[in-house]
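*Asks:* Would you mind keeping the following structure in view while I ask a few things?
4 protein chains.
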Amino acid sequence: MFDPGWNPLHGVPSYPAERYGVLADRIGGILQSRSDILLVQAEAVVALEAVAASLARPGLSALNIVTSPYGGWFGQWLRRGGATVRDIVAEPGLPIVIEAVAGALDADPGIDVLAVVHAESASGILNPLSEILALARDRGIATVVDAVASVGGHSLDVDHLGIDIAVIGPQKALGGPAGLSALSVSRRAWNMILSDGAPRDSILSLADLEAWLDNGRWALPGTPAPLEFFALEAALDRIEAEGLENLVARHALAASATRAGLAALGTPAWVPAARASNLVTAVPAPVGLAPVALIAAAGRLGVELTEGVGTAPARLLRLNHTGQRAAFQTVLANVVAYGAALRQAGHSCDIAAASEAISATYSR
Amino acid sequence: MFDPGWNPLHGVPSYPAERYGVLADRIGGILQSRSDILLVQAEAVVALEAVAASLARPGLSALNIVTSPYGGWFGQWLRRGGATVRDIVAEPGLPIVIEAVAGALDADPGIDVLAVVHAESASGILNPLSEILALARDRGIATVVDAVASVGGHSLDVDHLGIDIAVIGPQKALGGPAGLSALSVSRRAWNMILSDGAPRDSILSLADLEAWLDNGRWALPGTPAPLEFFALEAALDRIEAEGLENLVARHALAASATRAGLAALGTPAWVPAARASNLVTAVPAPVGLAPVALIAAAGRLGVELTEGVGTAPARLLRLNHTGQRAAFQTVLANVVAYGAALRQAGHSCDIAAASEAISATYSR
Amino acid sequence: MFDPGWNPLHGVPSYPAERYGVLADRIGGILQSRSDILLVQAEAVVALEAVAASLARPGLSALNIVTSPYGGWFGQWLRRGGATVRDIVAEPGLPIVIEAVAGALDADPGIDVLAVVHAESASGILNPLSEILALARDRGIATVVDAVASVGGHSLDVDHLGIDIAVIGPQKALGGPAGLSALSVSRRAWNMILSDGAPRDSILSLADLEAWLDNGRWALPGTPAPLEFFALEAALDRIEAEGLENLVARHALAASATRAGLAALGTPAWVPAARASNLVTAVPAPVGLAPVALIAAAGRLGVELTEGVGTAPARLLRLNHTGQRAAFQTVLANVVAYGAALRQAGHSCDIAAASEAISATYSR
Amino acid sequence: MFDPGWNPLHGVPSYPAERYGVLADRIGGILQSRSDILLVQAEAVVALEAVAASLARPGLSALNIVTSPYGGWFGQWLRRGGATVRDIVAEPGLPIVIEAVAGALDADPGIDVLAVVHAESASGILNPLSEILALARDRGIATVVDAVASVGGHSLDVDHLGIDIAVIGPQKALGGPAGLSALSVSRRAWNMILSDGAPRDSILSLADLEAWLDNGRWALPGTPAPLEFFALEAALDRIEAEGLENLVARHALAASATRAGLAALGTPAWVPAARASNLVTAVPAPVGLAPVALIAAAGRLGVELTEGVGTAPARLLRLNHTGQRAAFQTVLANVVAYGAALRQAGHSCDIAAASEAISATYSR
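Residue numbers (full-length UniProt numbering), protein chains in the order written: chain A, 1 to 364; chain B, 1 to 364; chain C, 1 to 364; chain D, 1 to 364.
If you want it as structure tokens, here you go:
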């Protein structure tokens, strides 16, 4: 007989109902927001779809900034619900240009909602969030920010910035579980969601989640997933011990060292620092070299590089320095392994200088 | 500074992509099915909504058997997608009567799909699944079975019974995690789902999941939740070590001992054995006694009884003997604590005889 | 290739050195002692052997109270180190009689150390600890108390009682790990240990452990076992959340209900309540029935009874209500399963009355 | 009230008795030995002390090779038991010279036992094990090998080499728990241990452990520590999945790359490759630089270097590449961080060349 042994994942107890409220408060702390915090028991892409499904209805007009496939889907979900959506699409793999946003807003004074992704892990870019939000604020437009990748890696002061809905997931810079997500919902956003026609009785209904808020406990159909909630607590414990500012600073240092290393290697990062995310750094493979082959060569050293995805140009590679990877050891291994892969492909590069630059950045 | 200590839930590695196929095969074993097995990274209620959303379209005609709120929602989701749905609703807290199903099918020869819940944990009843499926088979009607509560507690031979879509969750009799679910999809069901008009790019799209099947790995947007997949493996390890038939037999014994105990106590179970589930046993509180007070009294002994929910009559209490609770110790504690609660409320009952009956059932 | 999957026990990080001191303080809280607290990285039997090896030397005279094999070994270890030891042995399976202790002390005014086990899990008895300690206090004799089984199940106020060395393990009533143990050492005990001839450089040397105290961190050869220390923290978290007094009261209630149940069953416990431990209850099997057969019959119900061990009379069975087992559900299952086993062996007993008695005890 | 939450280390079940035999067999596979395998529930230093205590008695003559404090203690423990011991001590931080061993054996034909440490993690050296064992074999002398640090990092074929007692711990190259250890005992060694005068009833008695072998299950006093045994299973699962030869090769590669990196940095390793262990690499700090300051500088990059310990020269630093650290990423970070620390202290070194050399070694 196959004997399974003991596994700590056996017999996990139910998550105590009275702790959902505490969890929500702790997430409010991460977001620096006094808005309502909703927990969604599914990956963050579901929370995003739920936001779109819950806001969308005929008569709603939205400006949707697209810098990755997620942005594209968001527009599609809004349209599915009957909304009128204008997508403005950035250059492939680049952040949106603030003038394009201003122009689009000026062109259509009837816009009710603006949606934008804060940082894209698909291409390593950062959108000019505070400038975009300022434009929306001036015009009284509600805002939806996809902060799934950015939360913990960039500062995100939801109330100060005036974000109506911010969606986050714990699985990236926060280093937590991937099976749940959370969002903040302002009073203005609730008014839009709860006006006539709100979908109900669906995983995509934020209106359903309001019941949860009312009694301070989980009130939805289906069984709560205890592993996800306990793992979220564990992640919050770590974040609170490290300090949110220190967590962001650690990601900024990793990004800065990665960029310094790549520059010294002779293959500078894809976008300038001001437009780059702190979570992954994209670098264009030299002409004539296939990213897949470079990734395979790095993989033989035990270092995981990945291709850019979505709308990013095909020759981008990504060096990941998110969460536990925002550390000297990983940053160094990423860059040196990339250099070794280039060498092996016959492309000269200065591994030496790259190591120096990374050490120097971290030693400052 | 708050020091979080070590928590085994920190830094869980990614789930290896090549193991999704293995997981699916193991679930196929549980379902005794060679149909395609899809994994959904959300609680089973989402898989049910996805089934309805993926099947529903104008022109589809469905007969929907309602024995709990889940059944009610299923009809609603089908209607939302444009389908024509006839609900047949059982008496509160009781299984559907087979004649009602036959009559409804005879009355409308254009029905394409029949949907039914196998066992209801809300009221502890079991629908006459094989008889219902036989009626559908004779008429060439596709079938959707919600086996979320029943899988592992009752035998469920998907291919032999001719079920087109069976939806399960690991969190009940299988004793596993709640943050994912699975379903089997027959060729006929795929044809219905993939015909023109299939929704795409949504958590509710089964058509999206077909891509997953094609390359044998996770291919959906969003990050896979490793804890859920590793915990599902742990549950399958245990089930395979115990044996699926032994697992079902253990639930049947727990149900039988609970019923014998309640009868001896002087408060027989709500439905006769042939119509009862193996997972929870519902019992009507004696007239004049509030279920809530009895539950509180049992709770003081550390024993958790619950109220019936949904369409079940308000005076039902439930004794849970699902998963790890399908054991002598829990069955005995449930019934004796219920007896002690009755006593405390001034209602006479025979705790003695109940204990005897449970011991005798388990000692046979 | 065999694929091991993820196991949370992989890659456990080192235990942070600065937390040993915190751990020791928390254990001091459990023992209500300001003595030095030493952590020993081995099961508590090793801590006991180390105490004997560290105290013993030619010229030391000890009175050793023997109520189980552990007591016997303790005397042997003292003798091995050169001490003169007088064992006083209780009746098999019974606590020591206080008059015997007084008599032995009176007979030999040169005794330096008195050693006694607080509660015996081998036979379920409790020695009259405070009376014994009073006798030693009056005579200025140092005392060693084996509180491995009793800690958490009985109150143990080390400083108030004037215990010089108390040895505990976390694996019984405290519900913690078994791979480490702890002891409190008074100033007087240190003086005895550190006087000329103290063994050094050995797992059995308490003098070595003093180095640990001096710098507040682990200072011994060998690698600290992180799992044990993290698991001890987890146990202390639970104990502090429940409250030490509540933990002791929970064990007292379990013992009391077990005894009431056995009495009602018609097979009273082995020793009267005043001489019984709160951790396990021993009961003599009726004449003519083999304990092993009764244990096997209970085992078929999934209930684990055990034989008495060591010096306990051969016909004793033990019902365990220690740690998580100190709960209504386990107490009830233990007694009813024992009753069912008696019945099956043809011995009449009143399972009914036993269940009643247990419910009544817990409902008070 | 402080709420401890759920911790997977709560409520760990007992280790099933029937699995000790399986564990022992799996360890026999690691050691490539058909000798009896004993499990000791304590860190490996206790197993070593037990070996000495169990072998030692008046009349026994031992040659004890000392290349670290552990070797020194081993001689002391043998002497404590009455044996006559000749220590031969290597130069500080260096392996023993084979001629010294031969000379000592020739000088005293009455030697019964030879003891040696295979690899020293205190100084990163490797003793010439097979040559030493050949000398003993020729003379019919029993051998004790401390393989605690080396097992998994170097090949160790116990039966082929003719080792009588090999002591191992899972906590180094095997990547397992530190709270237990194991040893192989040949028939000849048993004869020595069990001859008249064997200590009994002690953590230091191997004779006690024979009882364990006789009934194939744990038979010692005290509670088995389930966490340690389950964690050992997890480690063995990983090792068997990787393959013992691959595990050794991975350590050899890490050592080789570390040495190449240090040489290119301009600060070659302490001992030549043939005399170096695969587990840690020691390097002498340049004259005038304090190891402690260099360690602190590397620590600011998140890289942990350590001082040499024991008999190693005071200016040695150690780079650890044991277990999970036997990987490109850690080797690279170790060497570059050491280089950065040298730079910061004003000592020039070629970080560039070091990175190159490490990449080149791993890319071969």
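Backbone N, C-alpha and C fix where the C-beta goes; we use that ideal spot for every residue, glycine too.
Which partner residues does residue 284 of chain D have in the DSSP bridge list?
*Replies:* D:316.
*Asks:* Thinking residue 345 of chain B and residue 293 of chain B are a contact (beta carbons under 8 Å), I'd like their distance in whole angstroms, please.
*Replies:* With a Cβ gap of about 6 Å, residue 345 of chain B and residue 293 of chain B count as contacting.
*Asks:* Determine the burial state of residue 196 of chain C: buried for a count of at least 16 other Cβ atoms within 10 Å of its Cβ, exposed for fewer.
*Replies:* Result: exposed.
*Asks:* Keeping to the same chain, check which residues put their C-beta closer than 7 Å to that of residue 87 of chain A; ignore five residues upstream and five downstream.
*Replies:* Excluding residues within five positions, the ones whose Cβ falls inside 7 Å are 64, 66, 75.
*Asks:* Under a Cβ-count criterion, where at least 16 other Cβ atoms within 10 Å of its own Cβ denotes burial, should residue 160 of chain D be classed as buried or exposed?
*Replies:* It is exposed - the Cβ of residue 160 of chain D has fewer than 16 other Cβ atoms within 10 Å.
*Asks:* Which ranges would you report for the beta strand (DSSP E) in the region 174-242 of chain C if only whole runs of at least 3 residues count?
*Replies:* As far as the region 174-242 of chain C is concerned, its whole beta strand (DSSP E) runs of at least 3 residues are 181-185.
*Asks:* Is residue 1 of chain C close to chain A, meaning its C-beta is less than 7 Å from at least one C-beta of that chain?
*Replies:* Since pLDDT at residue 1 of chain C reaches only 39, below the 50 mark, its modelled position is unreliable, and the value read off the structure follows with that caveat. Not closer than 7 Å to any Cβ of chain A, the Cβ of residue 1 of chain C fails to qualify, so no.
*Asks:* Taking only beta-carbon positions, decide if residue 95 of chain A is within less than 7 Å of chain C.
*Replies:* No - not a single Cβ of chain C is within 7 Å of the one on residue 95 of chain A.
*Asks:* Taking only beta-carbon atoms, is residue 13 of chain D less than 7 Å away from chain A?
*Replies:* Yes - at least one Cβ of chain A is within 7 Å of the one on residue 13 of chain D.
*Asks:* In the DSSP assignment, find the unbroken alpha helix (DSSP H) run with residue 252 of chain C in it and report its ends.
*Replies:* Where residue 252 of chain C is concerned, the enclosing alpha helix (DSSP H) stretches over 244-265.
*Asks:* Let's see if you can read the secondary structure: which residues bound the alpha helix (DSSP H) around residue 106 of chain B?
*Replies:* Taken as a continuous stretch (DSSP letters only), the alpha helix (DSSP H) holding residue 106 of chain B covers 98-107.
*Asks:* In chain order, what residues of the same chain have a beta carbon less than 6 Å from the beta carbon of residue 209 of chain B, not counting five sequence neighbours either side?
*Replies:* Excluding positions up to five away in sequence, the list reads 38.
*Asks:* Taking residue 71 of chain C as the reference, give the member of D:255, D:363, D:201 with the closest Cα.
*Replies:* Among D:255, D:363, D:201, the Cα nearest to that of residue 71 of chain C belongs to D:201.
*Asks:* For residue 84 of chain C, decide whether its Cβ has a neighbour in chain A, counting only Cβ atoms nearer than 7 Å.
*Replies:* No, because no Cβ of chain A sits closer than 7 Å to the Cβ of residue 84 of chain C.
*Asks:* Give the residues of chain B in contact with residue 246 of chain D, contact being defined as C-beta atoms less than 7 Å apart.
*Replies:* None at all; the shortest Cβ gap to chain B is about 18 Å.
*Asks:* In chain order, what residues of the same chain have a beta carbon less than 7 Å from the beta carbon of residue 175 of chain A, not counting five sequence neighbours either side?
*Replies:* Here the set comprises 235, 238, 323, 324.
*Asks:* Quick one: what's got a C-beta closer than 6 Å to residue 114 of chain D's C-beta in the same chain, skipping five residues either side?
*Replies:* So the qualifying residues of the chain are 63, 136, 141, 143.
*Asks:* Using the rule of at least 16 other Cβ atoms within 10 Å of the residue's Cβ for burial, across every protein chain shown, is residue 52 of chain B buried or exposed?
*Replies:* Buried.
*Asks:* Let me know if residue 265 of chain A comes out buried or exposed under the rule of 16 or more other beta-carbons within 10 Å of its beta-carbon.
*Replies:* The residue is buried, with at least 16 neighbouring Cβ atoms inside 10 Å.
*Asks:* Quick one: residues in its chain with C-beta nearer than 7 Å to the C-beta of residue 330 of chain A, no 5 flanking neighbours on either side, listed in chain order?
*Replies:* Once the five neighbours on either side are set aside, the close Cβ partners of residue 330 of chain A are 321.
*Asks:* Name, please, each residue of chain C whose Cβ falls closer than 7 Å to the Cβ of residue 222 of chain D.
*Replies:* Within chain C, the residues near residue 222 of chain D are 43, 44, 45.
*Asks:* Within 10 angstroms of its Cβ, does residue 194 of chain D collect 16 or more other Cβ (buried), or is it exposed?
*Replies:* The residue is exposed, with fewer than 16 neighbouring Cβ atoms inside 10 Å.
*Asks:* Determine, using beta carbons only, whether residue 189 of chain D and residue 168 of chain D come nearer to each other than 7 Å.
*Replies:* Not a contact, by the Cβ cut-off of 7 Å.
*Asks:* Could you please give me the residues that DSSP links to residue 144 of chain C through a beta bridge?
*Replies:* Bridge partners of residue 144 of chain C: C:115, C:165.
*Asks:* To be precise: take each residue of the region 275-306 of chain A, compare its Cβ to all Cβ atoms of chain C, and keep it if any distance is under 7 Å. Which residues remain?
*Replies:* Answer in chain order: no residues at all.
*Asks:* Less than 8 Å between C-beta atoms, sequence neighbours within five positions excluded: which residues of the same chain meet that for residue 256 of chain A?
*Replies:* Excluding positions up to five away in sequence, the list reads 273, 361.
*Asks:* Along the chain, where does the alpha helix (DSSP H) that runs through residue 297 of chain C open and close?
*Replies:* That run of the alpha helix (DSSP H) goes 291-300.
*Asks:* Taking the C-alpha atoms as reference points, what is the distance between residue 16 of chain B and residue 45 of chain B?
*Replies:* So the two alpha carbons sit approximately 26 Å from each other.
*Asks:* Do residue 121 of chain B and residue 149 of chain B count as a contact pair if the criterion is CB distance below 7 Å?
*Replies:* Closer than 7 Å, so yes.
*Asks:* Under 7 Å, do residue 225 of chain B and residue 50 of chain A count as touching if we go by C-beta distance?
*Replies:* Result no, Cβ atoms of residue 225 of chain B and residue 50 of chain A do not sit closer than 7 Å.
*Asks:* Which same chain residues, not among the five before or five after residue 254 of chain D, have their C-beta less than 6 Å away from its C-beta?
*Replies:* Answer for residue 254 of chain D: 321, 326, 331, listed in chain order.
*Asks:* Mind checking if residue 177 of chain C is an interface residue toward chain A, Cβ cutoff 7 Å exclusive?
*Replies:* It does not; no Cβ of chain A falls within 7 Å.
*Asks:* Hey, out of D:59, D:41, D:124, whose CA is closest to residue 20 of chain D's CA?
*Replies:* Nearest of D:59, D:41, D:124 to residue 20 of chain D, Cα basis: D:41.
*Asks:* Out of D:263, D:318, D:298, D:275, point me to the one whose CA is closest to residue 349 of chain D's CA.
*Replies:* For the residues D:263, D:318, D:298, D:275, the minimum Cα distance to residue 349 of chain D belongs to D:263.
*Asks:* Using a Cβ-Cβ cutoff of 8 Å, what residues of the region 6-37 of chain D are near chain B? List them in chain order.
*Replies:* Going along the region 6-37 of chain D in chain order, one finds 7, 8, 9 with a Cβ nearer than 8 Å to chain B.
*Asks:* Between which two residues does the beta strand (DSSP E) holding residue 84 of chain D run?
*Replies:* From DSSP, the beta strand (DSSP E) with residue 84 of chain D extends over 84-89.
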